[in-house]
DNA sequence: TAAAAATTTTGTTTTAAAACATAGTTATAT
DNA sequence: ATATAACTATGTTTTAAAACAAAATTTTTA
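Chains as they are written, first to last, in my numbering: chain A, 145 to 377; chain B, 145 to 377.
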């Protein structure tokens with residue numbers, strides 16, 4: 145596990161949005177048990193097997209949550225965006241992490257101490273209900289994604305992944321460039337396919353004028369067609 | 145949705161075990177907002193797209209939770225055993241069902257009215273925490289299973305499914321016969337493969353003396369080897 | 001009990017995707 | 001500025017699993 149040194153925190157205000165159901169006193173309390181850390185691109189925030197020490201909030205940046213599969217083949221379970229939680233599953237299940245988290249770009253995270261957080265959680269049932277709802281929603285995503293990752297073909301999976309990227313990170317100002325610059329490797333891990341297939345299929349999409357590619361920059365030219373490819377499987 | 149008629153309930157005592165954190169008053173309250181229903185083998189309890197009306201508890205029997213995939217290909221998401229909840233994900237996410245539930249054998253379910261349950265939930269933070277924990281645990285399973293279903297080969301997937309069956313339903317008195325009699329079709333849906341492959345691979349396992357087959361009855365002859373096949377992928 | 005339906009079984013063919021190989025390109029560090 | 005490493009790209013071969021087909025068996029029902 146990374147060595148989390150306490151630093152002066154400039155970002156608690158940002159993550160407040162995640163705790164809209166708390167009152168000022170509770171917010172104040174959490175802010176005193178909070179540490180902020182800058183993580184560099186490609187830096188690992190936590191690793192599979194480690195023990196959670198607190199509730200991690202992503203304040204700025206982008207993070208991938210991924211699992212190591214067979215023969216070192218990686219699968220991206222989830223992409224996190226600010227402002228949002230990461231690593232909460234293991235915390236709530238009282239387990240060690242089952243996945244790892246890595247910054248996709250320079251990011252800022254806040255860590256709220258475990259005990260402090262649970263103290264608030266025990267008292268505030270609105271917060272509990274909110275967490276129950278979001279865990280249940282995520283479980284739904286996970287189940288659905290499992291079906292598509294196993295049943296869709298390469299084209300359908302890649303198309304879906306691009307849509308997931310758009311859903312998660314949105315577009316740049318031009319309204320067509322996906323606002324996330326993943327490596328082909330990461331696109332492959334997200335789509336559950338080999339590197340080669342991700343590259344090849346992306347190239348196909350370009351030839352079909354569904355996307356335009358410029359290095360890691362991907363522009364969606366024909367959203368409707370992309371959705372059709374995804375839906376077709 | 146099935147027409148849930150109120151019936152005299154003989155089974156609330158059984159499902160009480162699920163609510164160990166509630167006091168007698170709360171239990172009493174829930175028991176008055178509870179209906180018990182017998183469902184026959186192959187009967188559908190709820191379908192993808194329907195709206196949850198309450199918290200369903202499986203009191204007796206076995207139930208599969210499955211999703212319809214592409215080209216009607218079914219994937220079993222989870223197997224439920226008594227005593228346990230089913231259909232709670234959609235209820236907590238405040239969504240319609242994303243999966244369907246079908247009885248694998250004659251079963252008894254109890255349905256606790258939605259509003260009554262949430263009323264108790266809002267007041268009892270231990271119950272909330274318990275639910276948070278179990279949702280988080282299940283999310284972990286779901287993520288892990290997704291990796292194995294996509295990355296393991298047919299043999300590994302089938303071996304894992306047999307282990308899941310054992311984990312969930314255990315053995316008969318002989319200590320080797322899996323205490324669940326699924327169709328080959330269901331074994332295939334659980335292992336994310338075609339019918340033919342499930343049958344063929346099961347036959348292979350028999351030839352390798354890992355299992356013994358007698359119709360739907362499956363005996364595990366060599367657990368260690370089965371685990372090895374599963375771990376190898 | 002016979003007929004029909006559903007399920008299980010086995011063999012063959014086809015195909016999608018992985019594995020492999022190798023070259024070109026871009027980024028990083030010295 | 002040049003060397004090294006990391007990433008991207010593309011072609012070829014191999015392989016695992018799906019698709020297809022058709023028979024045998026079991027279960028259901030009329």
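We put the CB at the ideal spot given by N, CA and C, even for glycine.
By alpha-carbon positions, which one of the options ends up nearest to residue i?
i                      : options                       : result
residue 274 of chain A : A:242, A:163 and A:157        : A:163
residue 233 of chain A : B:278, B:230 and B:194        : B:278
residue 225 of chain A : A:259, A:308 and A:375        : A:308
residue 319 of chain B : B:363, B:295 and B:223        : B:363
residue 272 of chain B : B:158, B:156, B:159 and B:165 : B:165
residue 327 of chain A : A:310, A:359 and A:337        : A:359
residue 169 of chain A : A:212, A:264, A:256 and A:223 : A:264
residue 223 of chain A : A:268, A:207 and A:238        : A:207
residue 256 of chain A : A:367, A:227 and A:175        : A:175
residue 227 of chain B : B:157, B:372 and B:167        : B:157
Roughly how many angstroms lie between the CA atoms of residue i and residue j, to the nearest whole one?
i                      : j                      : result
residue 187 of chain B : residue 216 of chain B : 18 Å
residue 302 of chain B : residue 266 of chain B : 42 Å
residue 214 of chain A : residue 177 of chain A : 39 Å
residue 335 of chain B : residue 180 of chain B : 32 Å
residue 329 of chain B : residue 199 of chain A : 42 Å
residue 300 of chain B : residue 339 of chain B : 16 Å
residue 361 of chain A : residue 321 of chain A : 7 Å
residue 258 of chain B : residue 173 of chain A : 34 Å
residue 349 of chain B : residue 312 of chain B : 21 Å
residue 345 of chain A : residue 347 of chain B : 37 Å
residue 254 of chain A : residue 292 of chain B : 32 Å
residue 196 of chain A : residue 295 of chain B : 27 Å
residue 201 of chain A : residue 231 of chain A : 9 Å
residue 260 of chain A : residue 193 of chain A : 23 Å
residue 244 of chain B : residue 229 of chain B : 14 Å
residue 150 of chain A : residue 252 of chain A : Confidence at residue 150 of chain A is low in this model, with a pLDDT of 45, below 50, so its placement is unreliable and no value can be given for it.
residue 365 of chain B : residue 351 of chain B : 11 Å
residue 262 of chain A : residue 238 of chain A : 12 Å
residue 212 of chain B : residue 367 of chain B : 31 Å
residue 374 of chain A : residue 282 of chain A : 20 Å
residue 167 of chain A : residue 167 of chain B : 29 Å
Within the same chain, show all residues whose beta-carbon is closer than 7 Å to that of residue i, passing over the 5 residues directly before and after it, in chain order.
i                      : result
residue 184 of chain B : 247 and 250
residue 171 of chain B : 160 and 163
residue 372 of chain B : none
Check whether the Cβ atoms of residue i and residue j sit closer than 8 Å, and answer yes or no.
i                      : j                      : result
residue 305 of chain B : residue 314 of chain B : no
residue 333 of chain B : residue 287 of chain A : no
residue 204 of chain B : residue 210 of chain B : no
residue 331 of chain A : residue 342 of chain A : yes
residue 241 of chain B : residue 325 of chain B : no
residue 236 of chain B : residue 161 of chain A : no
residue 289 of chain B : residue 290 of chain A : yes
residue 354 of chain A : residue 376 of chain A : no
residue 337 of chain A : residue 310 of chain A : no
residue 269 of chain A : residue 269 of chain B : yes
So what's residue i in DSSP terms, helix, strand or just coil?
i                      : result
residue 245 of chain B : strand
residue 317 of chain B : coil
residue 151 of chain B : Because residue 151 of chain B sits at a pLDDT of 48, beneath the cut-off of 50, its placement in the model cannot be relied upon, and the point is left open.
residue 223 of chain B : strand
residue 232 of chain B : helix
residue 239 of chain A : coil
residue 286 of chain B : helix
residue 193 of chain B : coil
residue 146 of chain B : In this predicted model, residue 146 of chain B has a pLDDT of only 42, less than 50, meaning its place in the structure is not dependable; the value taken from the coordinates is given anyway. Reduced to three states, the DSSP call for residue 146 of chain B is coil.
residue 203 of chain B : strand
residue 211 of chain A : strand
residue 366 of chain B : coil
residue 159 of chain B : helix
residue 187 of chain B : coil
residue 353 of chain A : coil
residue 372 of chain A : helix
residue 280 of chain A : helix
residue 168 of chain A : helix
residue 324 of chain B : coil
residue 268 of chain B : coil
Who are the near neighbours of residue i in its chain, counting only those whose CB is closer than 6 Å to its CB and skipping five residues on each side?
i                      : result
residue 220 of chain A : 208, 210, 333 and 334
residue 284 of chain A : none
residue 316 of chain A : 323
residue 182 of chain A : 252
Enumerate in chain order the residues of its own chain whose CB-to-CB distance from residue i is below 8 Å, with the five nearest sequence positions on each side excluded.
i                      : result
residue 106 of chain B : Since the first residue of chain B shown is 145 and the last is 377, residue 106 of chain B is not available in this structure.
residue 145 of chain B : At residue 145 of chain B, the pLDDT of 42 sits below 50, so the modelled position is not reliable and the matter cannot be decided from this model.
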